[in-house]
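Residue numbering for the sequence shown follows our numbering, beginning at 589 and increasing consecutively. Virtual Cβ for every residue (Gly too), placed ideally from N, Cα, C. Owing to the predicted nature of the structure, the values given are computational and were not obtained by experimental measurement. One structure below.
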Amino acid sequence: MLKILHTSDLHLGKSLYNVSRYDEFLKLLTELKETIVREQVDVLLIAGDVFDTTLPTTEAQRLYYTFLRELQFTPLKHTVIIAGNHDSPAFLNAPRTLLETLCHVSLVHCIDALHPEKEVLVLKDEQGVPYLIVAATPYIREREIRRFYLEEDETARNLAYRSAVADHLKAVADVAFSMQAKLEADFKVSVPAVAMAHLFTAGGISLEDDGVRELFVGSLSHIDASAFDTRYAYVALGHLHVPQQVNRNEFIQYSGTPLPMGFSETGDKHFVLLSLDREERKVSYLPIPRYKQLCQVKGDLEAITSKLAALRQSGTRALVEIIVTGQDVREALEERIGTLIQDSELEVVRIKDQRVFAGTLSEEETQSMDLSSLNEETVFLKRLDREELTDEERASLIDTYHELRVMMNEQEAEA
């Protein structure tokens, strides 16, 4: 029986409002290694977004490379990693030869639209007999797959991107199954094929603050599940942080982030284990412990005090976001919170003042509000609201803004 473990979106180095989560990542990677040993896993698939930024901290890099080195002392035969949209392809690829030689790691950092065979990996045992084909497609940037023109409107551009990605996935699948037929003819063994990709599928679920970075705005660029060949034994997806099946198909899955990236991620987290035995295949879910809870506490001073006291009494280890909706003085609130969390397992990472949206703050207080409560697009749209624009002018400016965001994010990924 061949056992394949699927995870993705580690986001090593991710902080929460400048609060380090190093200890959580360390425990997570320890849990992943112990799971591999306990379940006797043969192949590990990491479907993108290894790091949270294109220039990860030295701590994040140390976690990553130490983990890969320690995998040599487990039953694991091979690890396959693809780059996500948060990763720098060049940075991730730099130690590829060393990782392949010393740690049995295969890494695909970017696509080559003219050579889809570069994304098809054949894993072999110590005797050189193939046991698995992996079609490993990293995050596809628009410039890698098609030329775009500034005169294109948003709808046409998104549809063209979606079509180009689907065509590329088909080309990779054609190579994979052609290779499968050849290997089975040469070695007289059955060689299953699985796929990996880092993308947003149509109908996929994301949450407001989970950190999923959309380079295209709107759902027209989301890839339909039909783009994946039905002959794959399994499709391991990354990018969306909520664990989920695609079109209720248990063999096309997002494993989700192992750690919650935002306070809206309240559901359980897991690794996905695929077991293949000749013509049989089975998916099971391996739960991941919560090393710290992410708790959101909302209300006026009295309500916040009560909820924090209950968390403290329960002994919960948690990172806490506080949303203020009452009329209490900020200084009094902060003093009370400081007293409540002292010598506890609670750490307040942000106090978000929501009163501004109800018009209860003075102009002076409004000017000093925490801008981290707004995202970039909200600020841009609020700025447009202050101008006298026709619907056509407003739509044109929004399209231009979206184009600039795409270009900026892609340039950041190359840095």
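- Bridge partners of serine 694 according to DSSP: Val668.
- Residue pairing from DSSP places histidine 786 in a beta bridge opposite Gly826.
- In the assembly as shown, arginine 735 is an exposed residue. Its beta-carbon has fewer than 16 other beta-carbons within 10 Å.
- Using a Cβ-Cβ distance cut-off of 8 Å, the segment 626 to 639 and the segment 675 to 693 are in contact, since at least three pairs of beta carbons, one from each stretch, lie closer than that value.
- Put simply, the segment 694 to 704 does not touch the segment 649 to 659. Fewer than three CB pairs are less than 8 Å apart.
- Under DSSP, tyrosine 842 takes part in a beta bridge, and its partners are Leu825 and Gln832.
- Secondary structure of leucine 632 (DSSP, three-state): strand.
- At least 7 Å separates the beta-carbon of serine 596 from that of glycine 926.
- The Cβ neighbour count for arginine 745, taken over all protein chains shown within 10 Å, is at least 16; the residue is labelled buried.
- By the neighbour-count definition (other C-beta atoms within 10 Å, threshold 16), glutamate 707 is a buried residue.
- With contacts defined as CB atoms closer than 7 Å, threonine 725 and valine 760 qualify as a contacting pair.
- Listed as beta-bridge partners of glycine 887 by DSSP are Val912.
- In this structure the segment 683 to 702 does not lie against the segment 604 to 613, because fewer than three pairs of beta carbons, one per stretch, are closer than 8 Å.
- A distance of 7 Å or more separates the beta carbons of leucine 896 and proline 848.
- With a cutoff of 7 Å on beta-carbon distance, leucine 864 and alanine 821 are scored as near each other.
- For alanine 773, no beta strand (DSSP E) segment is defined; the enclosing uninterrupted segment is the alpha helix (DSSP H) at 742 to 775.
- Burial state of threonine 623 is buried, judged by a 10 Å Cβ sphere holding 16 or more other Cβ atoms.
- Judged by DSSP secondary structure, leucine 921 falls outside any beta strand (DSSP E) and instead within the alpha helix (DSSP H) spanning 918 to 929.
- Nearest in C-alpha terms to tyrosine 989, of all of Leu598, Phe968 and Gln884, is Phe968.
- Of the residues Leu757, Cys698, Val710 and Ile721, the one whose Cα lies closest to the Cα of glutamate 732 is Cys698.
- The Cβ atoms of serine 872 and leucine 889 do not sit closer than 7 Å to each other.
- Under the three-state reduction of DSSP, asparagine 606 is assigned to coil, being neither helix nor strand.
- When the five nearest sequence neighbours on each side are left out, the beta carbons in the same chain lying within less than 7 Å of the beta carbon of lysine 880 are those of Glu612, Arg905, Ala906 and Leu907, in order along the chain.
- The segment 658 to 675 and the segment 613 to 633 touch, with three or more beta-carbon pairs separated by less than 8 Å.
- Closest in alpha carbon position to threonine 645, among Ser608, Leu656 and Val631, is Ser608.
- Phenylalanine 639 has Leu600 as its beta-bridge partners, per DSSP.
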